[in-house]
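**Student:** Using mature numbering (1 follows the signal peptide of the UniProt record, and there is no 0), the letters of the sequence shown correspond one by one to residues -20 to -1, 1 to 113.
Where a beta carbon is used, it is the ideal one built from N, C-alpha and C, also for glycine.
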Amino acid sequence: MRRLLLAISFCAGLASGALAQSDEIEKNIAAQIQAFEADDFATAFTYASPGIQRLFQTPENFGVMVKRGYPMVWRPSEVRFLELRDVGGSLWQKVMITDIDGQVHILDYQMVPLENGWKINGVQLLGNSDPAA
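(1) Whole beta strand (DSSP E) runs in the segment 40 to 104 with 3 or more residues, listed along the chain?
(2) Which value, in whole angstroms, describes the spacing of the CA atoms of A15 and G68?
(3) Can the beta-carbon of Q33 be found closer than 9 Å to that of W98?
(4) Using DSSP bridges, identify the partner residues of G107.
(5) For the putative contact between P56 and I13, defined by C-beta atoms under 8 Å, what is the C-beta separation to the nearest angstrom?
(6) Could you check what DSSP says for A15 in three-state terms: helix, strand or coil?
(7) Using the DSSP secondary-structure output, state which residues sit across from A28 in a beta bridge.
(8) Going by C-alpha to C-alpha distance, which of F25, L94, G43, V103 sits closest to I77?
(9) With DSSP collapsed to three states, give me the class of T23.
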């Protein structure tokens, strides 16, 4: 009986740790999207990993890339978080974004843990989906 209680406690601890991790990841992605909506590219840039920051060098360059390549992230109508997955040792957060025209987009955010919290290490556009389907 004691082993069963220990096993349940251990599993509950793992689940609550994963939930806290998921919450922090979702908050970071949501905060970056809010910064994009406010055209605050300097703040949005702080949620990017050091590798992404090196790649784009300035918040302005980063903002231009987002406006051109990910307009649904820059001006979303709705954001919904789907599943958080471990893919080959990397955490990927799937996000469904509806743009201002009503088109649904599925994006995958690769997240990396750093000393100061989770950072976005890349985004993949997985495709569009018809919300009526």
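**Tutor:** Well, looking at it:
(1) The segment 40 to 104 contains these whole beta strand (DSSP E) runs: 56 to 67, 70 to 79, 84 to 94.
(2) The alpha-carbon atoms of A15 and G68 are separated by roughly 30 Å.
(3) No, Cβ-Cβ distance for Q33 and W98 is not below 9 Å.
(4) Beta bridge pairing from DSSP links G107 with I86.
(5) Their Cβ separation, rounded to whole angstroms, is 6 Å, which keeps P56 and I13 in contact under 8 Å.
(6) Helix at A15.
(7) Paired residues: I100.
(8) Measuring from the Cα of I77, the nearest candidate turns out to be V103.
(9) Three-state DSSP puts T23 in a helix.
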